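**Student:** If you use UniProt numbering, the sequence shown corresponds to residues 1 to 796, in order. Cβ atoms here follow ideal geometry from the backbone N, Cα and C, with glycine treated the same way. These figures come from a predicted structure and were not determined experimentally. To start, I am sharing the structure in question, which I have written as structure tokens.
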Amino acid sequence: MPSSSVLPQKRGSEIGSSAGKRQITIKQTPEEEARAKDYFQPHIFDDNFKQDLKKQIADSQPYRWGTIQNLIDDDLLRNVRREIISEISFKKKETDIYKVFQSGDLANLSGMTKQDLERLPSLYKLRSAIYSQTFRDYVSYVTGCGKLSGVKTDMSINTYSKGCHLLTHDDVIGSRRVSFILYMPEPGKTWKPHYGGSLRLFGSVVPNVPRSDYYCKLTPQFNQLAFFTVQPGLSFHDVEEVRVDKQRLSIQGWFHIPQAGEDGYIPGEQERTEAKSTLQQLESKELKEYDYPKIQYNELPLLETQELCTLVGKESEYLSTLDLEYLQKYMNPSLLTAGSIERLNNIFAEESVVDVHMFLSEEYLGDLRKQMKQLELNEYPGMPQKQDQVVFPWKLAVPPHKQRYCYIDGLQKQNIDSAQSLAQINLVKPLELPNFELTKNIFELLKPQVAQRLEEARASNPSLTSIHDVSIRLCELASFFKSVSFKKWLMAVTGLRPTHDQVLARRFRPGHDFTLASKLDLTTDDRLLDGLLEATLNLTPSSGWESGEFGGYELCMGTDEPEAEETAEEGLNEDEAAIYKASGEDSVVYESQACWNKLSLMYRDSSVLKFVKYVSFNAPGSRWDVSCGWLCAKDESEESGLINQTARNCLIIYKNKTNLLRPARLISSQLARPIMTSAVDTLSSKLDSLKLQAPPAIQGSFPDYNTVDLCRNYIANQLSELTGVDASIAYQSLEWSLVLENGDLIVPLPRLRLKGDLVALAKELAEKFPLGGYLKKVHPEGKTLALVRWVKASVL
Numbered sequence: 001m002p003s004s005s006v007l008p009q010k011r012g013s014e015i016g017s018s019a020g021k022r023q024i025t026i027k028q029t030p031e032e033e034a035r036a037k038d039y040f041q042p043h044i045f046d047d048n049f050k051q052d053l054k055k056q057i058a059d060s061q062p063y064r065w066g067t068i069q070n071l072i073d074d075d076l077l078r079n080v081r082r083e084i085i086s087e088i089s090f091k092k093k094e095t096d097i098y099k100v101f102q103s104g105d106l107a108n109l110s111g112m113t114k115q116d117l118e119r120l121p122s123l124y125k126l127r128s129a130i131y132s133q134t135f136r137d138y139v140s141y142v143t144g145c146g147k148l149s150g151v152k153t154d155m156s157i158n159t160y161s162k163g164c165h166l167l168t169h170d171d172v173i174g175s176r177r178v179s180f181i182l183y184m185p186e187p188g189k190t191w192k193p194h195y196g197g198s199l200r201l202f203g204s205v206v207p208n209v210p211r212s213d214y215y216c217k218l219t220p221q222f223n224q225l226a227f228f229t230v231q232p233g234l235s236f237h238d239v240e241e242v243r244v245d246k247q248r249l250s251i252q253g254w255f256h257i258p259q260a261g262e263d264g265y266i267p268g269e270q271e272r273t274e275a276k277s278t279l280q281q282l283e284s285k286e287l288k289e290y291d292y293p294k295i296q297y298n299e300l301p302l303l304e305t306q307e308l309c310t311l312v313g314k315e316s317e318y319l320s321t322l323d324l325e326y327l328q329k330y331m332n333p334s335l336l337t338a339g340s341i342e343r344l345n346n347i348f349a350e351e352s353v354v355d356v357h358m359f360l361s362e363e364y365l366g367d368l369r370k371q372m373k374q375l376e377l378n379e380y381p382g383m384p385q386k387q388d389q390v391v392f393p394w395k396l397a398v399p400p401h402k403q404r405y406c407y408i409d410g411l412q413k414q415n416i417d418s419a420q421s422l423a424q425i426n427l428v429k430p431l432e433l434p435n436f437e438l439t440k441n442i443f444e445l446l447k448p449q450v451a452q453r454l455e456e457a458r459a460s461n462p463s464l465t466s467i468h469d470v471s472i473r474l475c476e477l478a479s480f481f482k483s484v485s486f487k488k489w490l491m492a493v494t495g496l497r498p499t500h501d502q503v504l505a506r507r508f509r510p511g512h513d514f515t516l517a518s519k520l521d522l523t524t525d526d527r528l529l530d531g532l533l534e535a536t537l538n539l540t541p542s543s544g545w546e547s548g549e550f551g552g553y554e555l556c557m558g559t560d561e562p563e564a565e566e567t568a569e570e571g572l573n574e575d576e577a578a579i580y581k582a583s584g585e586d587s588v589v590y591e592s593q594a595c596w597n598k599l600s601l602m603y604r605d606s607s608v609l610k611f612v613k614y615v616s617f618n619a620p621g622s623r624w625d626v627s628c629g630w631l632c633a634k635d636e637s638e639e640s641g642l643i644n645q646t647a648r649n650c651l652i653i654y655k656n657k658t659n660l661l662r663p664a665r666l667i668s669s670q671l672a673r674p675i676m677t678s679a680v681d682t683l684s685s686k687l688d689s690l691k692l693q694a695p696p697a698i699q700g701s702f703p704d705y706n707t708v709d710l711c712r713n714y715i716a717n718q719l720s721e722l723t724g725v726d727a728s729i730a731y732q733s734l735e736w737s738l739v740l741e742n743g744d745l746i747v748p749l750p751r752l753r754l755k756g757d758l759v760a761l762a763k764e765l766a767e768k769f770p771l772g773g774y775l776k777k778v779h780p781e782g783k784t785l786a787l788v789r790w791v792k793a794s795v796l
């Protein structure tokens, strides 16, 4: 991972209400306002120029946008550039959606201090000019966007160097009305299209669903302004990756809608805009109909389900002789021994994730790696660059403000380039089940035609290679992951019984492909666990991915809603160029670089986000993988509410499948298993002997037969009484400390959504917290409350 700040931005916090937030304002003096026009080049105020620009914007596609060359006085802008280079330092910011260098000590020009003004006089003049009444009226006239605020400003300095990029988004955040970028690459030199770094604009299939291919792009030049009206669901754009060792310096900013007391202020206008924000549209059920591939976990065939059900609790009988014979055709034989399966099971039980290296056997792989390397060097036809170049059975994942990659899903060809064709697929056509064997057969049938075309092309280049044979092998592997035999091995390793599945073969092309972080979107079913069992077989043949600098890595991060709310109010807000800010509040719980022949098994719930980082244009090749997901059944004894007959009248201690030395939210609390029992008459009688009372149960815990949850419930309820915070929130806020042998729990107070001096509050809570029979010590540690349990996680 190339940077300590690679976590997805908290898009939710960018769109929160501005009520109660610090407002950043600028007040032009009459003298500054009078001088503002002198800071621009005079030709832009010519009536004919203004009329032509206004018409160009009105006629522009895919939405209203415009550009002005030679906008600012040349000497002034050159001085601005010199000040930035000499006085401002930049720090790399990287998330799922961008990589950019941002000014570390001047993240937003709208908050310039007196000291800033003294060392950045030209930059101050530029800011005054851009937000002057003169230029605001100018922008309002040529765009037809309406009045613009003179008190709310929003500018930041960014530099894009080699590898930097910003993926597709629409800039709809808060009160933004017009977005602008003033470019400052090296003056006197032409920035060429093959350098990258262009502003690319995207049309829409329907509102809020951008097309996969950009409509047009603007190659930036010194002293050029690009600007457009921020239009919810329409103004999609990105910044193409910079491909060369050059700096593309720019000032990014927004004009906002008029604020209360200003001319043009309309009560409720900002709230109506926020309701159409990108985040809310990303979460809209209706718009998810336009997502491909569909996140659709198909129920396993009845006979397959019945066979898996018969194996529950019979670990030694999971794999028959026939199963082993089938699995040995694909898998490394060492992974099929009882010892290996037990070791993997123990790791998965502790970590809820396990990496299996050398998963496929060398015999099965043969020369596949060499073949894939050859393909990437001499692909024929060339690697697809646009949606219509992706040839079935390969398809393109859309829309691009969520994802882009090539995939095989074992389904028929689908036309998804228009609203009408999408509606027909979603509403008219029958539901189809994946069939990778059929897809493989299609490849086999087409093989003679492909071979003939390839032979003709090789007349000019004997090294040309078709993707055809690689596609056949990927379909074979997809079928393997859908087999009953593999699911039995999966049960043995994870202890989970799959009930539904989805398998995709994927290719992430350099300079194109990625997935953005998103929560699991699972339907509620009381029979199923609340998370997803996932497997990713990484088959990237090229080397050199280890640093993460080329992207292509898969990363999981734990989120915490209380923390997100705190960040929204106290740190990140829409006044501060939020689209370019990253948050370090979330925690990386798993990371895997692109590599060869590694299977990653993981169970995660909705609190864990996952993404594949954009693959750089300069990457050594594509990232290839087979991605699988399974919904899994709840433990039958838990589902029925009964304790197994052998454990009746026993105290059962459960152990969550989580590594307690890392953020403990990677796995649902539903995924628990008995690890030891103690022959006592009943839990209640044992509690009586300890003179303890069981606290009220909290959803997601098992205090009836788990001493750990018994203690956690007590703590959560006491916190609720002391602070007024809901007990369920307090329960979810509890974490294990690193001093696990002491049985310590900690409560990070920010997660309780409490305001004020949290250090003082921790001291007060420590003094007032009742120890009772559950705790032997409570003490403050900064903003954290540490609690030492009296009841240990062991047999009572």
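Apart from the five residues on each side of it in sequence, which residues of its chain come closer than 7 Å, Cβ to Cβ, to LEU761?
**Tutor:** Mapped onto the sequence shown, residue 761 falls at position 761. Same-chain partners within the cutoff: LEU749 and LEU754.
**Student:** If you run the structure through DSSP and keep just helix, strand and coil, what is PRO381?
**Tutor:** The residue given as residue 381 occupies position 381 in the sequence shown. Here PRO381 sits in coil by DSSP.
**Student:** Are ALA505 and LEU601 touching if we call contact CB-CB under 7 Å?
**Tutor:** Along the sequence shown, read from residue 1 onward, the residue named residue 505 stands at position 505. Along the sequence shown, read from residue 1 onward, the residue named residue 601 stands at position 601. Not closer than 7 Å, so no.
**Student:** For HIS165 and VAL239, which I take to be in contact (beta-carbon distance under 8 Å), what is that distance rounded to the nearest angstrom?
**Tutor:** Within the sequence shown, residue 165 is the residue found at index 165, counting from 1. Within the sequence shown, residue 239 is the residue found at index 239, counting from 1. Right, their Cβ atoms sit about 6 Å apart.
**Student:** Would you mind stating whether ASN345 and VAL493 have Cβ atoms separated by less than 7 Å?
**Tutor:** Taking the sequence shown and counting its residues from 1, the one referred to as residue 345 is at position 345. Taking the sequence shown and counting its residues from 1, the one referred to as residue 493 is at position 493. The answer is yes: Cβ separation under 7 Å.
**Student:** Could you tell me the distance, in whole angstroms, from the CA atom of ASP526 to the CA atom of GLY495?
**Tutor:** The count along the sequence shown starts at 1 and reaches residue 526 at position 526. The count along the sequence shown starts at 1 and reaches residue 495 at position 495. Rounded to the nearest angstrom, the two C-alpha atoms are 19 Å apart.
**Student:** Spell out a yes or no on whether the segment 235-250 and the segment 200-210 are touching, meaning 3 or more CB-CB pairs, one atom from each, closer than 8 Å.
**Tutor:** Judged by Cβ distances under 8 Å, the segment 235-250 makes contact with the segment 200-210, as three or more pairs qualify.
**Student:** Could you name the residues of the same chain whose beta carbon sits closer than 6 Å to that of LEU520, not counting the 5 residues immediately before and after it, in chain order?
**Tutor:** Here residue 520 corresponds to residue number 520 of the sequence shown, with the count starting at 1. These residues qualify, in order along the chain: LEU532 and SER606.
**Student:** Taking all protein chains shown into account, decide if LEU77 is buried (16 or more other Cβ within 10 angstroms of its Cβ) or exposed.
**Tutor:** Residue 77 sits at position 77 when you count from the first residue of the sequence shown. With 16 or more other Cβ atoms within 10 Å, it is buried.
**Student:** Buried or exposed: which applies to SER460, given that a residue is buried once 16 or more other Cβ atoms fall within 10 Å of its Cβ?
**Tutor:** On the sequence shown, position 460 is the one that residue 460 refers to. Classification of SER460: exposed, given that the 10 Å Cβ count is below 16.
**Student:** What did DSSP end up calling SER140 once you bin it into helix, strand or coil?
**Tutor:** Here residue 140 refers to the residue found at position 140 of the sequence shown. SER140 falls in the helix class under three-state DSSP.
**Student:** Tell me which same chain residues have a C-beta within less than 6 Å of the C-beta of residue 812, skipping the five on either side of it?
**Tutor:** Coverage of the chain is limited to positions 1 through 796, which leaves residue 812 absent and any answer about it impossible.
**Student:** Is PRO750 helix, strand or coil by DSSP?
**Tutor:** Against the sequence shown, residue 750 aligns to sequence position 750. PRO750: helix per DSSP, three-state reduction.
**Student:** Would CYS309 be called buried (16 or more neighbouring beta carbons within 10 Å of its own) or exposed?
**Tutor:** Looking up residue 309 in the sequence shown gives position 309. So CYS309 counts as exposed.
**Student:** Roughly how many angstroms lie between the CA atoms of THR524 and LEU631, to the nearest whole one?
**Tutor:** In the sequence shown, counting from the first residue as 1, residue 524 sits at position 524. In the sequence shown, counting from the first residue as 1, residue 631 sits at position 631. Using only the alpha carbons, I get a separation of about 11 Å.
**Student:** Could you pull the DSSP bridge partners for ILE157 from this structure?
**Tutor:** For the purposes of this step, residue 157 is taken as residue 157 along the sequence shown, with counting starting at 1. Answer by DSSP bridge pairing, in chain order: ILE251.
**Student:** Where do the N-terminal and C-terminal ends of the alpha helix (DSSP H) with SER128 fall, by residue?
**Tutor:** Here the question's residue 128 lines up with position 128 in the sequence shown. From DSSP, the alpha helix (DSSP H) with SER128 extends over 121-130.
**Student:** Can you check the segment 297-363 for any alpha helix (DSSP H) of at least 4 residues that lies completely inside it and give the ranges in chain order?
**Tutor:** Here the runs fully enclosed are 302-310, 321-328 and 338-351.
**Student:** List in chain order: all unbroken alpha helix (DSSP H) runs of 4+ residues lying wholly within the segment 20-94.
**Tutor:** Counting whole runs of 4 or more residues, the segment 20-94 contains the alpha helix (DSSP H) stretches 30-36, 47-59 and 74-87.
**Student:** Does DSSP classify PRO258 as helix, strand or coil?
**Tutor:** On the sequence shown, residue 258 is found 258 positions in, with the first residue counted as 1. Three-state DSSP puts PRO258 in coil, outside helix and strand.
**Student:** Do you know offhand how far ASP74's Cα is from GLU118's?
**Tutor:** Along the sequence shown, one-based indexing puts residue 74 at 74. Along the sequence shown, one-based indexing puts residue 118 at 118. If I take the Cα positions, the gap works out to 21 Å.
**Student:** Do you know offhand how far LEU53's Cα is from GLN61's?
**Tutor:** In the sequence shown, residue 53 corresponds to position 53, counting from 1. In the sequence shown, residue 61 corresponds to position 61, counting from 1. LEU53 and GLN61: Cα-Cα distance of roughly 14 Å.
**Student:** My assumption, with CB atoms under 8 Å, is that VAL139 sits in contact with VAL178. Please give the rounded CB distance.
**Tutor:** For the purposes of this step, residue 139 is taken as residue 139 along the sequence shown, with counting starting at 1. For the purposes of this step, residue 178 is taken as residue 178 along the sequence shown, with counting starting at 1. The Cβ separation is near 6 Å, so the contact holds.
**Student:** Can you give the beta carbon distance from VAL725 to LEU719, rounded, assuming they're within the 8 Å contact cut?
**Tutor:** By 1-based counting over the sequence shown, the position of residue 725 is 725. By 1-based counting over the sequence shown, the position of residue 719 is 719. VAL725 to LEU719, Cβ: 6 Å. Contact.
**Student:** Chain B beta carbons: is any one of them nearer than 7 Å to that of LYS93?
**Tutor:** Absent from the structure is chain B; it holds one protein chain and no more.
**Student:** Express the C-alpha separation of LYS395 and ILE347 in angstroms, rounding to a whole number.
**Tutor:** In the sequence shown, counting from the first residue as 1, residue 347 sits at position 347. In the sequence shown, counting from the first residue as 1, residue 395 sits at position 395. Each residue's alpha carbon lies about 36 Å from the other.
**Student:** Measure the CB-CB distance between VAL242 and TYR160 and report whether it falls below 7 Å.
**Tutor:** By one-based count along the sequence shown, residue 242 stands at place 242. By one-based count along the sequence shown, residue 160 stands at place 160. Contact flag set, yes.
**Student:** GLY551 and TYR614 - do their beta-carbons sit closer together than 7 Å?
**Tutor:** Sequence index remark: in the sequence shown, residue 614 carries index 614 (1-based). Sequence index remark: in the sequence shown, residue 551 carries index 551 (1-based). It is a contact, given that the beta carbons lie within the stated cut-off.
**Student:** Alpha helix (DSSP H) containing ALA760: first to last residue?
**Tutor:** On the sequence shown, residue 760 is found 760 positions in, with the first residue counted as 1. Unbroken alpha helix (DSSP H) run through ALA760: 758-768.
**Student:** To the nearest angstrom, how far is it from the Cα of ASN158 to the Cα of LYS246?
**Tutor:** For the purposes of this step, residue 158 is taken as the residue at position 158 of the sequence shown. For the purposes of this step, residue 246 is taken as the residue at position 246 of the sequence shown. C-alpha separation (whole angstroms): 14 Å.
**Student:** Looking at C-beta atoms only, is the number of pairs between the segment 147-155 and the segment 246-266 that lie closer than 8 Å three or more?
**Tutor:** Touching, yes, given that three or more Cβ pairs across the two stretches are closer than 8 Å.
**Student:** Looking at C-alpha atoms only, which residue of LEU167, GLU325, ARG751 and PRO498 is the closest neighbour of ALA633?
**Tutor:** For the purposes of this step, residue 633 is taken as the residue at position 633 of the sequence shown. When only C-alpha atoms are compared, the closest one is PRO498.
**Student:** Hey, quick one: how far does the alpha helix (DSSP H) through THR168 stretch, first residue to last?
**Tutor:** Within the sequence shown, the letter at position 168 stands for residue 168. Run containing THR168: none in the alpha helix (DSSP H); it sits in the beta strand (DSSP E), 165-169.
**Student:** What residues are listed by DSSP as bridge partners for ARG404?
**Tutor:** Position 404 of the sequence shown, counted from the start, is the residue given in the question as residue 404. Paired residues: PHE514.
**Student:** Using the three-state DSSP reduction, which class does LEU446 fall into: helix, strand or coil?
**Tutor:** Here the question's residue 446 lines up with position 446 in the sequence shown. DSSP places LEU446 in helix when its eight states are reduced to three.
**Student:** Alpha carbon to alpha carbon, what distance is there between GLU87 and THR67?
**Tutor:** Within the sequence shown, numbered from 1, the residue matching residue 67 stands at position 67. Within the sequence shown, numbered from 1, the residue matching residue 87 stands at position 87. Approximately 29 Å, taken between the alpha carbons.
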